[in-house]
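Novice: According to the UniProt record's numbering, the sequence shown is numbered sequentially starting from 1.
Note that CB positions come from ideal geometry on N, CA and C, so glycine has one too.
Just passing along the structure, written as structure tokens.
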Amino acid sequence: MSVTKMDLKEMCAYFDVTPRTLRHYEYIELLMPERDGRKRLYGPREVARMTLILRGRRFGFSLEEIRQWLELYDKDPEGQLQRATWLDMADKQLAELDNRRRELEEVIAELRELRDQTARQDSAV
Numbered sequence: 001m002s003v004t005k006m007d008l009k010e011m012c013a014y015f016d017v018t019p020r021t022l023r024h025y026e027y028i029e030l031l032m033p034e035r036d037g038r039k040r041l042y043g044p045r046e047v048a049r050m051t052l053i054l055r056g057r058r059f060g061f062s063l064e065e066i067r068q069w070l071e072l073y074d075k076d077p078e079g080q081l082q083r084a085t086w087l088d089m090a091d092k093q094l095a096e097l098d099n100r101r102r103e104l105e106e107v108i109a110e111l112r113e114l115r116d117q118t119a120r121q122d123s124a125v
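In structure tokens form, the structure reads like this:
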């Protein structure tokens, strides 16, 4: 999609988020839309940043981690520092997600065993 500028309502619809979410991201300086009076205008830069924000949230990164990572682009427009930092962040998050998955698999197995034990007791009665 070729994006020129979107207003708040269009941006919300495009990303399926609430106006409150966009205003919050602006408040914590993840997004910096242009202003035309009280109207917010989101250009290609903000659309790209929002895409990265939502992707980062989906992967389990905190908004602060995302903010710090996005700030690296302004410091290093070639992106070498941003890419290196991303790889480090991704490796740490993958390890964390792997740990969570193992824990979840253990909980599921324990719950399933308890459920099966209870079902066997009910059928024995």
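Please tell me whether Leu72 and Thr85 are closer than 7 angstroms, where the distance is taken between their beta carbons.
Specialist: Closer than 7 angstroms, so yes.
Novice: Which residues share a DSSP beta bridge with Leu41?
Specialist: Paired residue(s): Glu34.
Novice: Evaluate the contact criterion for the segment 34 to 41 versus the segment 60 to 78: three or more CB pairs, one atom per stretch, below 8 angstroms.
Specialist: Verdict: no, contact absent.
Novice: Just list the residues that DSSP pairs residue 136 with in beta bridges.
Specialist: Absent from the structure is residue 136, since the part of the chain shown begins at 1 and ends at 125.
Novice: Count the other C-beta atoms from every protein chain shown that fall within 10 angstroms of the C-beta of Gly43, then say buried if there are 16 or more, exposed otherwise.
Specialist: Burial call: exposed.
Novice: Since Gln93 and Phe59 are thought to touch, with beta carbons under 8 angstroms apart, how far apart are those beta carbons, to the nearest angstrom?
Specialist: The pair is a contact, with the Cβ atoms about 6 angstroms apart (cut-off 8 angstroms).
Novice: DSSP on Thr18, reduced to helix/strand/coil?
Specialist: In the structure shown, Thr18 sits in coil (DSSP, three-state: anything other than H, G, I, E or B).
Novice: In whole angstroms, what is the alpha-carbon distance linking Arg115 and Arg102?
Specialist: Roughly 20 angstroms separates the two Cα atoms.
Novice: Out of Ala90, Glu105, Pro19, point me to the one whose CA is closest to Arg55's CA.
Specialist: Closest by alpha carbon: Ala90.
Novice: When you compare only the Cα positions, how much space is there between Glu105 and Ala13?
Specialist: Roughly 36 angstroms between the two C-alpha positions.
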